[in-house]
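Student: Numbering (this note's numbering), first residue to last: 31 to 375.
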Ligand SMILES: *Cc1c(COP(=O)(O)O)cnc(C)c1O
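Okay, structure coming up:
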């Protein structure tokens, strides 16, 4: 890996961050706060939230077995993706490399930040070769994006190939593990100490059932996280979100139950979906959704919409012609899908 100073944009490296009232005062004994121009009424929403989410970090640190200073929280993982570009990529000069197809936000964020986005086509099993990705990279490649389990395909990427990329690439390797809780693979967070050039993304939006509160996580070296903390909005995770997330950590048993239920439902739904006349193939999945090749994705999508059931039509995505992406719902929701499709012809 190149030195961080070479990878980070010079203006970010030398940035003197905004210092908020809550940054400057860090003691615990004060009871009169006249420092932040807040309204004294309407507790607790009158107060600015903790800019570094200390309490939540302590709890997530325990759950994930990762030191607090290696954790960044954002307004969804989408903020973490954006902050990666803003930290590492000089607009109009640097570039990012990613597998294709994959999560659409990597490319949208690249476009917003005026960063060239280079795609490497997956093979027919939705896998990649490290050598193909590395061949697309040049001296201006700062980021490589890998999503495992991948969206919209659902499969885990081959860990051996990912490790080759981590071993060989001189820039930052981002591994998006939004669906890791549904996967049989171990998280790359267990290798944070081995790979200082790795950033692992996870989220409260999927297994944790909290898409509405907007909380994403990035795990990386202490050095990288401290730069993210300079670049982010001072109060990027609001008080309501921090409180609700702390609440959810206390319900870890519930999340494990949800995952167990959804994995059982996934097996049941895949079996039934595979028996439908309109289903041609279901791709292997390690996530809370599956990708299915059907006889006519557009017609079936429209038919389902007319029946009040929404799936994702991915037919225009690379390698996904005539494919629908189906999220695993509750048992009654999954049954409604199957019953509707049995009547489709
Ligand atoms: C759903 C998803 C996310 C989550 O994004 P949030 O902003 O945290 O809701 C991240 N990456 C991938 C690949 C996803 O599918």
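Cβ atoms here follow ideal geometry from the backbone N, Cα and C, with glycine treated the same way. None of these values were measured; they are calculated from a predicted model.
1) Please state if the CB of residue 149 and the CB of residue 168 are separated by a distance shorter than 7 angstroms.
2) May I have all residues whose beta carbon comes closer than 5 angstroms to any heavy atom of ligand 1, sorted in chain order?
3) Let me know if residue 272 comes out buried or exposed under the rule of 16 or more other beta-carbons within 10 Å of its beta-carbon.
4) Which partner residues does residue 356 have in the DSSP bridge list?
5) Give the DSSP-derived three-state secondary structure of residue 85 in the structure shown.
6) I'd like to confirm the pairing. Which residues does DSSP put opposite residue 311 in its beta bridges?
7) For the region 273 to 280 against the region 82 to 91, do three or more pairs of beta-carbon atoms, one drawn from each stretch, fall closer than 8 angstroms, so that the two count as touching?
8) Near residue 241, what residues of its chain come up, given a Cβ to Cβ distance below 7 angstroms and the 5 sequence neighbours on each side ignored?
9) Give the C-beta separation of residue 232 and residue 188 to the nearest angstrom, bearing in mind that I take them to be a contact with Cβ-Cβ under 8 angstroms.
10) So which of 193, 315 and 54 has the shortest CA-CA distance to residue 214?
11) Can you name, in chain order, every residue of its own chain whose Cβ lies under 8 angstroms from the Cβ of residue 283, other than the five neighbours on each side?
12) Is the separation between the beta-carbon of residue 124 and that of residue 145 shorter than 7 angstroms?
13) Which class does residue 188 belong to by DSSP, given the choice of helix, strand or coil?
14) Quick one: what does DSSP say residue 215 is sitting in, helix, strand or coil?
15) What residues are listed by DSSP as bridge partners for residue 233?
16) Helix, strand or coil: which one does DSSP assign to residue 205?
17) What is the DSSP secondary structure of residue 177, reduced to helix, strand or coil?
18) What do you get for residue 136, buried or exposed, if any count of 16 or more other CB atoms within 10 angstroms of its CB means buried?
19) For a quick check, are the C-beta atoms of residue 258 and residue 118 less than 7 angstroms apart?
20) What is the DSSP secondary structure of residue 148, reduced to helix, strand or coil?
21) Taking 7 angstroms as the limit between beta carbons, can you name the residues of its chain near residue 186, skipping five residues before and five after?
22) Quick one: give me the first and last residue of the beta strand (DSSP E) that residue 128 is part of.
Tutor: With the given structure in hand:
1) Cβ atoms of residue 168 and residue 149: not closer than 7 angstroms.
2) Sorted by position in the chain, 106, 107, 108, 133, 177, 181, 206, 208, 233, 235 and 246 make up the residues whose C-beta lies under 5 angstroms from a heavy atom of ligand 1.
3) Counting Cβ neighbours within 10 Å, residue 272 comes out buried, since at least 16 surround it.
4) Secondary-structure assignment with DSSP links residue 356 through a beta bridge to 320.
5) Of the three classes helix, strand and coil, the one that applies to residue 85 here is helix, per DSSP.
6) Bridge partners of residue 311 according to DSSP: 323.
7) Because the criterion of three Cβ pairs below 8 angstroms is met, the region 273 to 280 and the region 82 to 91 touch.
8) Closer than 7 angstroms at Cβ, skipping near neighbours: 235.
9) Actually they are not in contact, since the Cβ atoms of residue 232 and residue 188 sit about 20 angstroms apart, beyond 8 angstroms.
10) Here the closest residue by C-alpha is 315.
11) Counting only residues of its own chain and dropping the five nearest sequence neighbours on each side, residue 283 has no CB closer than 8 angstroms to any other CB.
12) Residue 124 is a Cβ neighbour of residue 145, given a cutoff of 7 angstroms.
13) Residue 188 falls in the coil class under three-state DSSP.
14) In this structure, residue 215 counts as coil in the three-state DSSP scheme.
15) Beta-bridge pairing links residue 233 to 246.
16) In the structure shown, residue 205 sits in a strand (DSSP, three-state: E or B).
17) In the structure shown, residue 177 falls within a strand segment according to DSSP collapsed to helix, strand and coil.
18) By the neighbour-count criterion, in which a residue is buried when 16 or more other Cβ atoms sit within 10 angstroms of its Cβ, residue 136 is buried.
19) Not closer than 7 angstroms, so no.
20) Looking at residue 148 - three-state DSSP - the assignment turns out to be strand.
21) Excluding the 5 residues flanking it on each side, residue 186 has same chain C-beta neighbours closer than 7 angstroms at 178, 179, 213, 215 and 316, in chain order.
22) Counting along the chain, the unbroken beta strand (DSSP E) around residue 128 starts and ends at 125 to 130.
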